[in-house]
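In my numbering, the protein residues as written are 248 to 642.
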């Protein structure tokens with residue numbers, strides 16, 4: 248009952264993360280369920296589905312299949328679909344019912360690969376973990392199966408790790424990031440995994456360095472560093488100050504973009520809470536420090552909180568109730584987060600709430616309201632926001 252939500256919806260689960268990570272790469276994803284989980288992903292966790300449908304299917308699991316454990320029915324369905332559609336690879340993944348009956352998706356994937364001769368991946372997703380776990384699992388399996396070693400690195404070439412609509416929506420954020428890098432003379436080799444190709448993913452090691460823009464891409468970065476000696480940096484270029492941080496980090500090879508600092512001129516006593524994905528939230532914290540000289544900024548997240556990237560006071564939220572208690576304490580002047588979190592703020596609080604939609608939280612309710620945050624676009628957003636006036640009161 249610890250994760251019971253009364254006011255908040257269920258967040259994007261692990262199977263949505265796997266499918267989102269693989270969506271643009273030419274593969275075929277099959278969710279083993281009765282259709283509810285597949286519909287949840289395509290209808291509520293995948294903004295691209297409405298304009299650009301890809302090969303995502305439901306297995307049509309029925310009660311009798313679950314009782315009898317009839318994996319052959321699933322395998323034959325996938326085989327016939329693969330013969331018609333000829334995907335680059337096949338992915339089979341689980342949902343709550345296969346978890347209960349103990350379906351072996353690694354074994355099922357091996358059988359499918361033996362029959363079809365198409366590379367096949369199996370994921371024991373359950374729907375009980377969050378999307379970032381699924382993205383991370385998908386990235387690691389892709390890297391282990393398909394990434395090839397390249398002896399020659401291309402000068403000033405980078406990879407972007409952790410780009411999915413679940414964190415960055417489907418506005419121009421990722422293309423803005425690519426344009427920003429190109430403006431400074433860098434070429435994007437592979438973007439894991441928006442606006443890229445399966446071939447580019449396979450040639451990931453051609454790049455000189457990886458840029459991790461969400462915590463879901465962090466394990467992939469560490470894997471590539473360990474096995475291919477590829478360095479990586481962590482951070483999102485939020486605002487022009489974030490852009491300067493990122494470019495300087497690329498030049499000097501500084502792993503944490505936050506450690507590349509701008510000089511602060513003064514300090515305000517305001518206290519800010521950012522609730523969201525850790526790496527983006529960290530980058531917004533850096534932006535607030537650079538532009539508004541706010542030092543007292545804490546990050547809280549329902550998703551993975553990497554200890555190496557966390558600052559003192561950062562919080563991993565285990566439940567809706569924990570967030571409610573945190574907000575009831577009324578110790579923050581400004582709260583930044585998904586619009587659905589606003590309802591949890593008590594009526595007596597004077598904290599100003601700044602909306603930052605997170606697709607993994609509020610789904611299609613607000614995914615078209617997500618702002619462009621890369622480089623100068625964040626500065627433009629801030630100039631038109633009441634947050635700017637609020638933060639400058641104490642300066």
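Built from N, CA and C at the ideal position, the CB exists for glycine as well.
Just measuring C-alpha positions, the residue of 550, 355 and 598 sitting nearest residue 414 is 550.
Here residue 518 carries a strand assignment [DSSP, helix/strand/coil].
Counting only runs that start and end inside the segment 383-408, there is no alpha helix (DSSP H) element of at least 4 residues. Looking at the DSSP output, residue 377 shares a beta bridge with 260. Around the beta carbon of residue 315, a 10 Å sphere encloses fewer than 16 other beta carbons of the protein chains shown; the residue is thus reported as exposed. If you keep only unbroken beta strand (DSSP E) runs of at least 3 residues inside the segment 538-621, you get 541-548, 581-584 and 599-602. Checking the DSSP bridge columns, you'll see residue 340 partnered with 278 and 370. Apart from the 5 residues on each side of it in sequence, residue 360 sits with its Cβ closer than 7 Å to the Cβ of 366 and 367 in its chain, given in chain order. No Cβ-Cβ contact shorter than 8 Å links residue 421 with residue 437.
Around the beta carbon of residue 425, 16 or more other beta carbons sit within 10 angstroms, so the residue counts as buried. In the three-state DSSP reduction, residue 628 falls in the helix class (H, G or I).
Within a 10 Å sphere around the beta-carbon of residue 466 sit 16 or more other beta-carbons, which makes this residue buried. DSSP places residue 284 in the helix class (H, G or I) of the three-state scheme.
Listed as beta-bridge partners of residue 439 by DSSP are 408. Just measuring C-alpha positions, the residue of 390, 344 and 385 sitting nearest residue 265 is 385. Secondary structure of residue 462 (DSSP, three-state): helix. Sorting 482, 580 and 259 by C-alpha distance to the C-alpha of residue 407 places 482 at the top.
In the three-state reduction of the DSSP assignment, residue 270 falls in the coil class, being assigned neither a helical nor a strand state. Relative to residue 471, the option among 391, 538 and 623 whose CA is nearest is 391.
Taking the Cβ atoms as the reference, residue 411 lies roughly 23 Å from residue 455, outside the contact range of under 8 Å. Bridge pairing for residue 305: 278 [DSSP]. The C-beta of residue 399 has fewer than 16 other C-beta atoms within 10 Å across all chains shown, which makes the residue exposed. Counting along the chain, residue 480 sits inside the beta strand (DSSP E) bounded by residues 479-481. Following the DSSP letters along the chain, one finds residue 363 inside the alpha helix (DSSP H) bounded by residues 352-363. The beta carbon of residue 252 lies closer than 7 Å to those of 567 in the same chain, with the five residues before and after it left out.
In the three-state scheme derived from DSSP, where H, G and I count as helix and E and B as strand, residue 498 is classed as helix.
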